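Inspection log for the structure reproduced underneath, given as structure tokens.
What follows is the structure, given as structure tokens:
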């Protein structure tokens, strides 16, 4: 699955998986079918096909349960857990991610363990347990380093930076984000590059450096789009909108934020409280600046945009 995942070929990969899954049982051994289902579930979920993704993943888990070696079930738990985090179902996320982590520990898979711990840290911080999130994230760094996997280590560093940001440790967040970004650029892993740039954009917003925030967010958008990272695309558009809105460009900002928030609902990932606290005051400010009628028209137009069109608009804006 890593080839399709890293290169952003999610649709192509899913088509190939479906072709394999159509083979009769005697042509595709149970272990291979379980891996293929797990891969299809990951690829479908990250394209926003969350219901079909969950179906693939649950079928894979049922098959792994019949096999003597169950290492691959950890991938199912990881993907299902991440999707539960996006939906705001943090207790469910913790249960399934913990099950995956137990398997990773059982089979000595430090790289997978690090990824599962990253997601557990996100569930913990969103649930209001920052101390536990930091414990998970720190262990993730240790496992990723022990695994010797540069990509996983870059992801873990950037995730730790994100946790530090949520704990208001902006200097620590910037250090870790830049370390992870440098490593990800060195190995050419685009997903952590997009995540790091998005985070650096948020840090720049916190520092009032809105031009830098817009540049970081737009580069994050370009890269997230190149690998089909839907949530990354949505986040980059939202933070780009915040950055340009802070410089007085409230009209395009309103359209783009409306598009991003509508896409979150479509993807089944409603805003968390912290995000509401970020965006609701902006909406009120822009409405006051533009007037109800103009703001409502811009907002409705933005909500009608599909994600590709919103990304096109953001990428076409002249930042001067």
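In this note's numbering, the protein residues as written are 1409 to 1728. Just so it is clear, CB atoms sit at the ideal spot from N, CA and C, and this is done for glycine as well. As the structure is a computational prediction, the values presented were derived from the model and not from experiment.
Between residue 1519 and residue 1560 the beta-carbon gap is near 5 Å, inside 8 Å, which marks them as a contact. Comparing alpha carbon positions, the residue from 1600, 1693, 1516, 1594 closest to residue 1526 is 1600.
Contact between the stretch 1496-1506 and the stretch 1469-1482 is absent: fewer than 3 CB-CB pairs across the two stretches fall below 8 Å.
Rounded to the nearest whole angstrom, the CA to CA distance from residue 1410 to residue 1432 is 25 Å. Around residue 1703, the same chain offers 1662, 1694, 1695 as residues with beta carbons nearer than 7 Å, after the five sequence neighbours per side are excluded. DSSP, read as helix, strand or coil, puts residue 1464 in helix. For the stretch 1412-1438, the full-length alpha helix (DSSP H) segments reaching 4 residues or more read 1418-1429 along the chain. Counting the other Cβ atoms within 10 Å of the Cβ of residue 1486 gives 16 or more, which makes it buried. DSSP places residue 1533 inside the alpha helix (DSSP H), whose first and last residues are 1518-1534.
Shown here, residue 1499 sits in a helix according to DSSP, grouped into three states.
Nearest C-alpha to residue 1720 among 1701, 1698, 1681, 1667: 1667.
By the Cβ test, the stretch 1664-1678 is in contact with the stretch 1710-1724, since at least three Cβ pairs between them sit closer than 8 Å. Taking the Cα of residue 1598 as reference, the smallest distance to any Cα among 1517, 1628, 1532 is reached at 1628.
In the structure shown, residue 1702 falls within a helical segment according to DSSP collapsed to helix, strand and coil. Straight-line spacing of the CA atoms in residue 1606 and residue 1647 works out to 8 Å. DSSP, read as helix, strand or coil, puts residue 1612 in helix. Look at residue 1559 here: in three-state DSSP terms it is helix. Beyond the five residues adjoining it in sequence on each side, residue 1456 comes within less than 6 Å, by CB distance, of 1638, 1675 in the same chain, given in chain order. Between residue 1533 and residue 1678, the alpha-carbon positions lie close to 16 Å from each other.
Between residue 1614 and residue 1664, the C-beta spacing is not below 7 Å.
A direct Cα-to-Cα measurement between residue 1684 and residue 1499 gives close to 21 Å. Between residue 1466 and residue 1493, the C-beta gap is not smaller than 7 Å, which leaves the two residues out of contact. Closest by C-alpha distance to residue 1454, out of 1565, 1418, 1540, is 1418. For the alpha helix (DSSP H) assignment, the stretch 1580-1608 encloses no uninterrupted run of at least 4 residues. In the three-state reduction of the DSSP assignment, residue 1635 falls in the coil class, being assigned neither a helical nor a strand state. Going by C-alpha positions, residue 1660 is about 18 Å away from residue 1620.
Excluding its 5 nearest sequence neighbours in each direction, residue 1727 has C-beta neighbours in its own chain below 6 Å: 1622, listed in chain order.
Pairing residue 1480 with residue 1442, the inter-Cα distance amounts to about 8 Å. At a Cβ-Cβ threshold of 7 Å, residue 1565 and residue 1587 count as neighbours. Closest in C-alpha terms to residue 1437, from the list 1540, 1468, 1641, comes 1468.
Per DSSP, residue 1661 is one residue of the alpha helix (DSSP H) stretching across 1658-1674.
If you draw a straight line from the Cα of residue 1589 to the Cα of residue 1522, it is about 18 Å long.
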